[in-house]
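Below is one structure; the comments refer to it alone.
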Amino acid sequence: MRFSTAIAMLAAALLAPIAHADTVASVASPDGALKVELDLNGEGRLAYRVSRKGQPLVADSRLGFILRNDRQFLRGLKLHAQSARSFDATWEQPWGERRFVRDHYNELRASFIEGDRDHRRLDVVFRVFDDGIGFRYEFPKQPKLDEVQIAEELTEFAIARPATAWWIPAWEWNREEYLYNRTPLAEVGTAQTPITLRTADGTHLSIHEAALVDYAGMNLMKGGDGRLRASLTPGSPAKVVRHVPFATPWRTITISDRAGGLVESSLILNLNEPNKLGDVGWFKPSKYVGVWWSLHLDKETWATGPRHGATTANTRRYIDFAAENGFRGVLVEGWNVGWDGDWFANGWDFDFRKPTPDYDLQGLAAYAKSKDVHLIGHHETGCAVSHYERQMDDAFALFERLGIDAVKTGYVCDAGQIERQDVAGGPVLREWHEGQWMSGHHLRVLEAAAKRHVAINAHEPIKDTGLRRTYPNWISREGARGQEFNAWGDPPNSPEHEVTLVYTRMLAGPMDYTPGVVSLTGKNGQEIGSTLARQLALYVALYSPIQMAADLPEHYAEHPDAFRFIKDVAVDWDESHVLAGEVGEYAAIARKVRGGGEWFIGAINDRNARSVPLKLDFLDAGKRYRAEIYRDGEGADWRGAARFRFVREERTVARGDALHLWLAGGGGAAVRFVPLEE
Ligand code: NOJ
Ligand code: CA
7 MRFSTAIAML AAALLAPIAH ADTVASVASP DGALKVELDL NGEGRLAYRV
57 SRKGQPLVAD SRLGFILRND RQFLRGLKLH AQSARSFDAT WEQPWGERRF
107 VRDHYNELRA SFIEGDRDHR RLDVVFRVFD DGIGFRYEFP KQPKLDEVQI
157 AEELTEFAIA RPATAWWIPA WEWNREEYLY NRTPLAEVGT AQTPITLRTA
207 DGTHLSIHEA ALVDYAGMNL MKGGDGRLRA SLTPGSPAKV VRHVPFATPW
257 RTITISDRAG GLVESSLILN LNEPNKLGDV GWFKPSKYVG VWWSLHLDKE
307 TWATGPRHGA TTANTRRYID FAAENGFRGV LVEGWNVGWD GDWFANGWDF
357 DFRKPTPDYD LQGLAAYAKS KDVHLIGHHE TGCAVSHYER QMDDAFALFE
407 RLGIDAVKTG YVCDAGQIER QDVAGGPVLR EWHEGQWMSG HHLRVLEAAA
457 KRHVAINAHE PIKDTGLRRT YPNWISREGA RGQEFNAWGD PPNSPEHEVT
507 LVYTRMLAGP MDYTPGVVSL TGKNGQEIGS TLARQLALYV ALYSPIQMAA
557 DLPEHYAEHP DAFRFIKDVA VDWDESHVLA GEVGEYAAIA RKVRGGGEWF
607 IGAINDRNAR SVPLKLDFLD AGKRYRAEIY RDGEGADWRG AARFRFVREE
657 RTVARGDALH LWLAGGGGAA VRFVPLEE
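Numbering-wise (the working numbering), the sequence shown opens with residue 7 and increments by one.
Next up, the structure:
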């Protein structure tokens, strides 16, 4: 017997259906390929399973809860009622990777009731799309259950086939800022979501969650028998405390034959509520520069003193640079009072309303306005989150008065070290970045900011679960190892990192990665493992409606050809398509400019040089385009001087033509397609 056959048989035996189960309800995707079935076994335990094109994909996976203030909620269930409905509508994003999103699913609601004396009730709602499923629990109003304290959610994901997994660890001190592991599914430890899987037969899956509101973030732990089991982020007095009626976030499995199909899916957004903020036309997708990379290189400091970055003169220099080169935003970190002490250990000294004496906030805001540039605010909380909440209304009001309509927030502290103080002067409780309390905090910030027409870009955030649909002023966030690790990271980001992000972290939503470091050099001369062309490709490959040109103005002056692309590239799109790619290996993504005729391609590569033939089928029919190609030069490579080998060239192309891109190891290519006036 072949080894792989033996493994498959073992997996099948471990994941065999739970004995004596009765299928009590089922629902299929609109195209019929995906089918979800719900079972109750002899003990009245509830499980779901998923098949695709008639083959098992997710084997029987249990559902239920351990409660802290009541009996566990998992056995003795009976089906009480069920109903089904279909939905098909298209909605419009105010900004995004695509303008129109089709939301098309079949829904099953199955209501369960305990057969014992309390007759507690629990609904499970499944939405089955052509490209995956979402399900959530709903606790209806009921006589014997009011406050629900959840000790653990017992949701399982029993993938029915051997698979490779791309994942980052949960519960580690550096939150989400880790390089991705690539392991057999059976070797996943405790993972954050989204986690990406590719089964032996080439099916791609991403397990994540949507609409994380007033609940704890979900991590996944490997159960003894190869199943992944939910493990909620801690909180006090329980992981989650809610009153009935309430619904949990959606648990999601996006499914595609192609790696790129995961990236093209809108399943997470579709499972979020529509826009609650109304018109957010005041937020302008745009690029920005600022006092940032110099801080991470240690050339300038956040603290006041001789190397203070946020001085009036230095900021004027950046405003001039932005105005000359067409960047809308100028981010300035270290502008406010509080950075001079040990801010990492003590965020309670920050004042979000007071600039430092050497920073003329009012004058700079006026100067920026005179040049059609907007300052971008910075609120590093140092994790003194209650302290920040007490000041944020005033802080956003101040920014609104000054025309500052975007703020980068920050939550730098180790995991589990968020400081919560419910009463001023009272005890300080420690919370997790992804716990229930922080899920509430981020929405409090978004609502306070929206009142003042301010958009939020959170660093060290809670994970993205698609809430930008409901709160479209939540424009971007970090939530992964960003470019900053190329300044001081040990190790810096590997050539595989960004090509893995495309198929993992980016499935959750936009990331403020801060690309465009054309000097390809971090602190103390540390080489960045990237070619020059790849830094340009990142603008298209890693979606965000705000993108930083992160390098120093003097470095852009040394690379005018490359800088030209950074000035030209768009940030808001009508359409996005993954032309080619494999998880952790490479990605070539095409996007059409929102409301314009131009297209862009960004292609990024792991450490193995490769040629990628691309069909230009996406271009509009009947038009010819000038393709401005920025690519790796001959002999380019992610190490040494070869990383600067770079070519800019132009060609005329049309729909149906082929473009062969050679990508160096750690390289990339960026292309702008400009329709020709004919
Ligand atoms: C971490 C953020 O990711 C980084 O961009 C920022 O400069 C520092 N915190 C300081 O707020
Ligand atoms: Ca960070």
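Glycine residues also receive a C-beta, built at the ideal position from the N, C-alpha and C atoms.
Since the structure is predicted, the reported quantities are computational estimates derived from the model, not experimental observations.
If you check the beta carbons only, do W605 and F679 fall under 7 Å apart? Taking the first residue of the sequence shown as position 1, residue 605 is located at position 599. Taking the first residue of the sequence shown as position 1, residue 679 is located at position 673. Yes, they are a contact pair.
Would you say H503 touches ligand 2, meaning its beta carbon is less than 6 Å from a heavy atom? The residue given as residue 503 occupies position 497 in the sequence shown. No, since every heavy atom of ligand 2 falls outside the 6 Å radius drawn around the Cβ of H503.
Coarse secondary structure for V379, derived from DSSP in three states: Along the sequence shown, read from residue 1 onward, the residue named residue 379 stands at position 373. In the structure shown, V379 sits in coil (DSSP, three-state: anything other than H, G, I, E or B).
Cβ of H465 versus every heavy atom of ligand 1: is any distance shorter than 6 Å? What you label residue 465 is simply residue 459 of the sequence shown in a count that begins at 1. At least one heavy atom of ligand 1 is nearer than 6 Å to the Cβ of H465, so yes.
Work out the CA separation of R167 and A12 for me, nearest whole Å. In the sequence shown, residue 12 corresponds to position 6, counting from 1. In the sequence shown, residue 167 corresponds to position 161, counting from 1. In this predicted model, A12 has a pLDDT of only 44, less than 50, meaning its place in the structure is not dependable; the value taken from the coordinates is given anyway. Their Cα atoms are separated by approximately 12 Å.
Inter-residue spacing [alpha-carbon to alpha-carbon] between G472 and V599: Walking along the sequence shown from the start, residue 472 turns up at place 466. Walking along the sequence shown from the start, residue 599 turns up at place 593. Spanning the two alpha carbons is a distance of roughly 22 Å.
Three-state secondary structure assigned by DSSP to W177: Here residue 177 corresponds to residue number 171 of the sequence shown, with the count starting at 1. Three-state DSSP puts W177 in coil, outside helix and strand.
So is E453 buried or exposed if we call it buried at 16+ other beta carbons inside 10 Å? The sequence position of residue 453 within the sequence shown is 447, counting from 1. Flag for E453 reads exposed.
Which whole-angstrom value is the C-beta distance of T695 and G102, which I expect to be below 8 Å? No answer is possible for residue 695: it lies beyond the span of the chain, which begins at 7 and ends at 684.
Which residues does DSSP list as the beta-bridge partners of K84? As a working mapping, residue 84 is identified with position 78 in the sequence shown. For K84, which the question treats as bridged, DSSP gives the partners I119.
For Q148: DSSP bridge partner residues: Here the question's residue 148 lines up with position 142 in the sequence shown. DSSP lists L151 as partners of Q148.
Report buried or exposed for P190, applying the criterion of at least 16 other Cβ atoms within 10 angstroms of its Cβ. Here residue 190 is taken as the residue at index 184 of the sequence shown, counted from 1. By the neighbour-count rule (16 or more Cβ atoms within 10 Å), P190 is not buried but exposed.
Hey, I595 and R540: beta-carbon distance below 7 Å or not? As a position in the sequence shown, residue 595 is number 589, starting the count at 1. As a position in the sequence shown, residue 540 is number 534, starting the count at 1. Their beta carbons are not under 7 Å apart, which means I595 does not touch R540 by this criterion.
Can you name the start and end residues of the beta strand (DSSP E) that M554 belongs to? Along the sequence shown, read from residue 1 onward, the residue named residue 554 stands at position 548. First-last of the beta strand (DSSP E) with M554: I552 to M554.
Give a yes or no on whether the C-beta atoms belonging to V42 and V56 are separated by under 7 Å. To locate residue 42, count along the sequence shown from 1; it is residue 36. To locate residue 56, count along the sequence shown from 1; it is residue 50. Taking 7 Å as the Cβ cut-off, V42 and V56 qualify as a contacting pair.
Segment contact, 8 Å Cβ cut-off, at least three pairs: the stretch 208-225 with the stretch 281-295: no
Excluding the 5 residues flanking A642 on each side, which residues of the same chain have their C-beta closer than 6 Å to its C-beta? Within the sequence shown, the letter at position 636 stands for residue 642. Around A642: T537, A648, R651, A670 and G673.
In the DSSP output, which residue or residues are listed as bridge partners for P619? Taking the sequence shown and counting its residues from 1, the one referred to as residue 619 is at position 613. DSSP lists H666 as partners of P619.
Contact check, V584 vs E270 under 8 Å by CB: the rounded distance? By one-based count along the sequence shown, residue 584 stands at place 578. By one-based count along the sequence shown, residue 270 stands at place 264. Confirmed, about 6 Å.
On a CA-only basis, which of G388, A372, K377 and V336 is nearest D357? Give me that one, please. The residue you call residue 357 lines up with position 351 of the sequence shown. Of the candidates G388, A372, K377 and V336, the one whose C-alpha sits nearest the C-alpha of D357 is G388.
Endpoints, the alpha helix (DSSP H) within which Q61 is located: In the sequence shown, the residue the question calls residue 61 occupies position 55. Where Q61 is concerned, there is no enclosing alpha helix (DSSP H), although the beta strand (DSSP E) it sits in stretches over Q61 to R68.
Please report the straight-line C-alpha distance between K629 and G603, rounded to a whole angstrom. What you label residue 629 is simply residue 623 of the sequence shown in a count that begins at 1. What you label residue 603 is simply residue 597 of the sequence shown in a count that begins at 1. Those two C-alpha atoms are separated by around 10 Å.
Just list the residues that DSSP pairs P681 with in beta bridges. Mapped onto the sequence shown, residue 681 falls at position 675. Answer is Y631, bridged to P681.
Considering only the alpha carbon of each residue, which of Y636, R616, Y631 and V659 lies closest to W668? Locating residue 668 in the sequence shown gives position 662, where the first residue counts as 1. For the residues Y636, R616, Y631 and V659, the minimum Cα distance to W668 belongs to R616.
DSSP beta-bridge partners for I165? The residue labelled residue 165 in the question sits at position 159 within the sequence shown. Note: I165 sits in a beta bridge opposite V64.
Between which two residues does the alpha helix (DSSP H) holding M227 run? Position 221 of the sequence shown, counted from the start, is the residue given in the question as residue 227. Taken as a continuous stretch (DSSP letters only), M227 belongs to no alpha helix (DSSP H), being part of the beta strand (DSSP E) at M224 to K228.
Should V618 and A586 be called a contact, given that it needs their Cβ atoms to be closer than 7 Å? If you number the sequence shown from 1, residue 618 lands on position 612. If you number the sequence shown from 1, residue 586 lands on position 580. Against a cut-off of 7 Å, the Cβ pair of A586 and V618 comes out as a contact.
State yes or no: is the C-beta of E386 nearer than 6 Å to some heavy atom of ligand 4? Questions concerning ligand 4 fall outside what the structure shown contains, since the ligands it does hold are ligand 1 and ligand 2.
Through-space distance from I607 to A543, alpha-carbon basis: On the sequence shown, residue 543 is found 537 positions in, with the first residue counted as 1. On the sequence shown, residue 607 is found 601 positions in, with the first residue counted as 1. Between A543 and I607, the C-alpha separation is close to 7 Å.
Does DSSP put G266 in a helix, a strand or coil? Working through the sequence shown from its first residue, we reach residue 266 at position 260. The answer is helix: DSSP assigns G266 an H, G or I state.
E533: beta carbon under 6 Å from a heavy atom of ligand 2? Numbered from 1 along the sequence shown, position 527 holds the residue referred to as residue 533. Checking the Cβ of E533 against ligand 2 gives no.
Express the C-alpha separation of L620 and V451 in angstroms, rounding to a whole number. As a first step, residue 451 must be located in the sequence shown, where it is residue number 445. As a first step, residue 620 must be located in the sequence shown, where it is residue number 614. If I take the Cα positions, the gap works out to 43 Å.
What distance in whole Å lies between the Cβ atoms of R483 and N463, which are believed to be in contact at a cut-off of 8 Å? On the sequence shown, residue 463 is found 457 positions in, with the first residue counted as 1. On the sequence shown, residue 483 is found 477 positions in, with the first residue counted as 1. So it is a contact: roughly 6 Å between Cβ atoms.
What residue does the beta strand (DSSP E) around N611 start on, and which one ends it? On the sequence shown, position 605 is the one that residue 611 refers to. Note, N611: beta strand (DSSP E), W605 to N611.
If you reduce the DSSP assignment to three classes, tell me which class F491 lands in. As a first step, residue 491 must be located in the sequence shown, where it is residue number 485. Helix, per DSSP.
In or out: T321 buried (at least 16 other Cβ within 10 Å) or exposed? Counted from its first residue, the sequence shown places residue 321 at position 315. Buried.
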